[in-house]
Structure formats: structure tokens, C-alpha cells
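Letter by letter, the sequence shown follows residues 11 to 299 in the working numbering. Glycine included, each C-beta is placed from N, C-alpha and C at the ideal position. Keep in mind it's a predicted model, so treat the numbers as computed, not measured. Each remark here refers to the structure printed beneath this line.
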Amino acid sequence: MTRSLPFLLGEALRNLRRHALMTVAAISAIAVALTLIGAFALAFYEASEATNHALSEFEMRVFVRRGVARDRARLLQKRIAALPGVESVVFLTREEIFQKQADSSALDVTGIPNFMTDTLNVRLSDADAAKNVTDTIGGFPEVDEVQAMEQELQTFLHLGRVARTVGLVAGVILLLAALAVVANTVRLSVFMRRREIKIMQIVGASAAFIRLPLLLEGFLHGLAGGGIAALTLWSMGQYVGGLITGNLPQFTPYATPVDFVAVTAYLLLSGAILGGTGSVLAIRRYMKG
């Protein structure tokens, strides 16, 4: 079999040239399918990363009750930091907050009384823990008020879950549709060569000897389609990235760089698997055993 491999590969390449029209059709089907799946997957990845980035920036503000000693406020900071789901707690004294307000307004605040209170900025490691953390902090006697925008956060989390669910379902549907298109395209190619297959069977060619060139053709179709899809997605990524940078700079911090070397590798592998699977499904109809 090892000695026959160069011959089988050569036979597969000759068949690709001999049946150029079906070769183009199969490669095009795989390229379109992988481009759609890849574009959807990248959009889903970017949306997920943007959601995670936005959630990581979420903070709640805890206003310390007036009259609470600074030492007790510092102890409150430690108690909050120890809560499950809390990543960090930054303590801002009323004097620091007042000075920041004065600096930002560029006004002379001499003689103006300081009505600020000590404040704790709480950042969460788990956005799903926001409600429990808010309720717990609100129950501390040293706390006057908690600003958490909990309703907005829960809405954001719900939308994220819905997007992930829709993305998973749509991805599976796209994959199955791609497999069906590729299988039908390859099946048509094999159907056009059914007489050729029958003749090879009559002259005593083994099933493996007949199947392998067809499988190799499927793999080559897949590799070519995956390469075209990778090039298309790279071009689309460059174009969309330029649009965002030039027209929507406020969204630039939420954009996650994509490793297109890894994307290309995944697409080539997926294309080979898709093409090979399509060939297997197609030749089973015309060959037994």
C-alpha cells in the first residue's frame, strides 16, 4: 500500500484535471461553506470577547454611611474583598473624591464644604454573582447605598446567553448544511464516474484501490476550499478592521485580534475532514463492501 500511495495520489490529481468542472464545483461548495461557517464563528468569537471585556469593566460603587470611622471603612473594604465573586475593591476617601471633582471642574473650591462620602469601587470576577454581592453589601451597617446597575447587567448577561445559544444552534445547522452540500456535490461527481468505477470492479481492482483516489480527491477538494476560505476571511477581516478603526474608533478597545495562522490551520483541517467525509458518503452508494 505504501508503494501504491504515489500512484494513487497521482491518479487523484489526474482525476481532478480530468473532471475539472466537478472539481471546481466541489472546491467552490467547500470554500463557500467554510467561509460562511468561519465568518459566523469569528463574529460569534468577537461578540463573546466583547461581552467578556464589557463585563470585566463593570464596577459597582459602594457609598459608606456618613459618620463611619475610617478604620471601620477599611475593615469594610476587606470584608467585601473576601466575598465570592469579587475580584478587587478600591477604597477612595471622601477627600480624594472631592479633589478629583475639583480638578476636573477647574473651579476654585476654597471654602466649599465637602459633602462626599468614602466610596468603594468593587469589580467582580463573576458577573453572575452581582445580585448576591449587591444584596450582601447592602446589608452591611456601614453601607449607605450600593450603585450596581443590576437590572442593566442582568439584561446584558441574558443577551449574552441568548447570543451564545443562537450561535451554537446556527453553527451546527450551518455545519450540517455544508456537509450535505459537499456530499451531494461529490456524489454527483462519483455518479458521473459510475461506469468508470464499474469497469475497475470488473477488472478486479480492490475496493480500497478504487476508494482511495476518491478519498484523496475529497481531501484535496477540502484543502483547496479551506485555503480559499482562509484567504477570503483574512481579506474580510482586514476590510472590517479598517472600517471599525476609521469610522467607529470607540469600538476598537472591544475588538480582539484574531490569529489567522490558527484560523487557516483550522480551516484546512476542517476542509480536509469535510471533503473526505463527503467522499465517503458519496461512494458508499456505488460501492459495497
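Pair within 8 Å by beta-carbon distance, residue i and residue j
i: T45; j: L185; result: no
i: R133; j: S98; result: yes
i: G285; j: G237; result: no
i: A39; j: V273; result: no
i: N124; j: R104; result: yes
i: R174; j: S58; result: yes
i: L224; j: L19; result: no
i: A193; j: L279; result: no
i: D154; j: R75; result: yes
i: G148; j: T61; result: no
Buried or exposed (CB count within 10 angstroms, at least 16 for buried), residue i
i: I77; result: Correcting the residue type first, residue 77 is Gly in the shown sequence and not Ile. It counts as exposed.
i: I47; result: buried
i: I293; result: buried
i: E152; result: buried
i: L253; result: exposed
i: L277; result: buried
i: G235; result: buried
i: A215; result: exposed
i: M11; result: With a pLDDT of 48 at M11, under the threshold of 50, the modelled position of this residue cannot be trusted; read the value that follows with caution. So M11 ends up on the exposed side.
i: A140; result: buried
i: A275; result: exposed
i: R24; result: exposed
i: D217; result: Reading the sequence as shown, one finds Ala at residue 217 and not Asp. By the 10 Å Cβ count, A217 comes out exposed.
i: A30; result: exposed
i: G299; result: Only weak support is given to the placement of G299: the predicted model assigns it a pLDDT of 46, under 50, and the value that follows is read from those uncertain coordinates. Exposed, because fewer than 16 other Cβ atoms sit within 10 Å of the Cβ of G299.
Residue of the options minimising C-alpha distance to residue i
i: L26; options: D128, H231, I238; result: H231
i: V96; options: R84, D138, D81, A112; result: D138
i: A188; options: G214, A173, E206, G281; result: G281
i: L102; options: M126, S115, R89, D113; result: M126
i: S135; options: P94, F50, V213; result: P94
i: A302; options: I212, V176, I283, R82; result: Residue coverage of the chain in this structure runs from 11 to 299, which leaves residue 302 outside it and unanswerable.
i: I37; options: L233, F108, V271, S245; result: L233
i: E56; options: V250, A275, D113; result: V250
i: T146; options: R205, R89, K110, I107; result: R89
i: V172; options: V34, Q211, F54, A30; result: F54
i: A28; options: M210, Q211, E206, V271; result: Checking the sequence shown, residue 28 turns out to be Arg, not Ala. It is E206 whose Cα lies nearest to the Cα of R28.
i: L167; options: A83, S245, H63, K208; result: H63
i: P16; options: F219, I122, S115, I212; result: F219
i: I283; options: A35, A43, V34; result: A43
i: S245; options: V34, M210, A49; result: A49
Assumed close pair residue i, residue j - CB separation to whole angstroms, cut-off 8 Å
i: V156; j: T165; result: With 8 Å as the limit, V156 and T165 do not qualify as a contact, their Cβ atoms being about 18 Å apart.
i: F68; j: T129; result: Wrong, their Cβ atoms sit about 16 Å apart, outside the cutoff.
i: G288; j: V268; result: So it is not a contact: roughly 27 Å between Cβ atoms.
i: A41; j: A239; result: 5 Å
i: A241; j: F150; result: The question names Ala, but residue 241 is Leu in the sequence shown. Contact flag wrong, Cβ pair sits at about 58 Å.
i: L32; j: M159; result: Position check: residue 32 holds Met in this sequence, whereas Leu was assumed. 58 Å between Cβ atoms; not a contact.
Contact test: residue i Cβ vs the ligand GTP heavy atom, cutoff 7 Å
i: L226; result: As far as ligands go, the structure on display features none, and thus does not contain the ligand GTP.
Exercise for review: Mind the definition here: the segment 173-185 touches the segment 195-210 only if three or more C-beta pairs lie below 8 Å; say whether that holds.
Suggested key: No, because fewer than three Cβ pairs between the segment 173-185 and the segment 195-210 fall closer than 8 Å, the two stretches do not touch.
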